[in-house]
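A.B. asks:
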Amino acid sequence: MTEPNEQYAYFAVGGDFDPSDISNLVGVSPSECWRKGDLNPRTRYERKFSRWALYSRLERQRSLEDHVQDVLEQMRVNPVAFGEASTKYAGVMQLVAYFKTDYPGLSFERELVKSLAEFSLSVDCDFYFLYSDSREDS
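Numbering of the sequence shown is given in our numbering, commencing with residue 30 and proceeding in unit increments.
1) Given this structure, state the Cα-to-Cα distance separating Leu93 from Leu145, to the nearest angstrom.
2) State the Cα-Cα distance for the pair Leu169 and Glu138, rounded to the nearest angstrom.
3) Confirm, please, whether the CB-CB distance from Tyr37 to Arg76 is below 7 Å.
4) Does DSSP classify Gln36 as helix, strand or coil?
5) Cα-Cα, which of Glu147, Val121, Ala41, Asp155 is closest to Leu135?
6) So, helix, strand or coil for Asp153, using DSSP?
7) If you follow the beta strand (DSSP E) that Phe111 is part of, which residue opens it and which one closes it?
8) Could you name the residues of the same chain whose beta carbon sits closer than 8 Å to that of Ala119, not counting the 5 residues immediately before and after it, in chain order?
9) Taking DSSP as the reference, what is the three-state secondary structure of Val57?
10) With DSSP collapsed to three states, give me the class of Gln103.
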């Protein structure tokens, strides 16, 4: 049986800062963060930059558009501070998807694009196509 697609989104900033400064600025705890110089537990190398990230809270089978909306909803708790952090540290809305059955497409409605712009966000897509014709159900 083929596994369902998995996708998620998150807001992230990176640079040379103390992640707790970002938390204090925006008034929200990160889903994930690290400080420049911390050891990466997977590679055992020092991190070259600090990072602060806020992930979508939705199930991974939901659409990417839904995940982006959820992250933006969390950011709207303090839009001025999130906008400031995003502008100062090159904020990005990261989209990640593992397509196992098909590619459902991606479409951002005008209001969603306006919201991304209001927070001065770039968008980065990491999409992985894991479908194969030699599946057990073919």
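No residue lacks a Cβ here, since even glycine has one placed at the ideal position from N, Cα and C. For clarity, every value in this text was computed on a predicted model and none was experimentally measured.
C.D. replies: By the coordinates alone:
1) Here residue 93 is taken as the residue at index 64 of the sequence shown, counted from 1. Here residue 145 is taken as the residue at index 116 of the sequence shown, counted from 1. So the two alpha carbons sit approximately 14 Å from each other.
2) The question about residue 169 has no answer here: the residues shown for the chain are numbered 30 through 167.
3) The residue you call residue 76 lines up with position 47 of the sequence shown. The residue you call residue 37 lines up with position 8 of the sequence shown. Not closer than 7 Å, so no.
4) On the sequence shown, residue 36 is found 7 positions in, with the first residue counted as 1. Strand, per DSSP.
5) Here residue 135 is taken as the residue at index 106 of the sequence shown, counted from 1. Of the candidates Glu147, Val121, Ala41, Asp155, the one whose C-alpha sits nearest the C-alpha of Leu135 is Asp155.
6) For the purposes of this step, residue 153 is taken as the residue at position 124 of the sequence shown. DSSP places Asp153 in strand when its eight states are reduced to three.
7) In the sequence shown, counting from the first residue as 1, residue 111 sits at position 82. Note, Phe111: premise wrong, no beta strand (DSSP E); alpha helix (DSSP H) at 108 to 117.
8) On the sequence shown, residue 119 is found 90 positions in, with the first residue counted as 1. In its chain, beyond the 5 residues on either side, Val42, Gly43, Gly44, Ser151 have a beta carbon closer than 8 Å to the beta carbon of Ala119.
9) For the purposes of this step, residue 57 is taken as the residue at position 28 of the sequence shown. Val57: coil per DSSP, three-state reduction.
10) Residue mapping note: residue 103 aligns to position 74 of the sequence shown, counting from 1. In the displayed model, Gln103 falls within a helix according to three-state DSSP.
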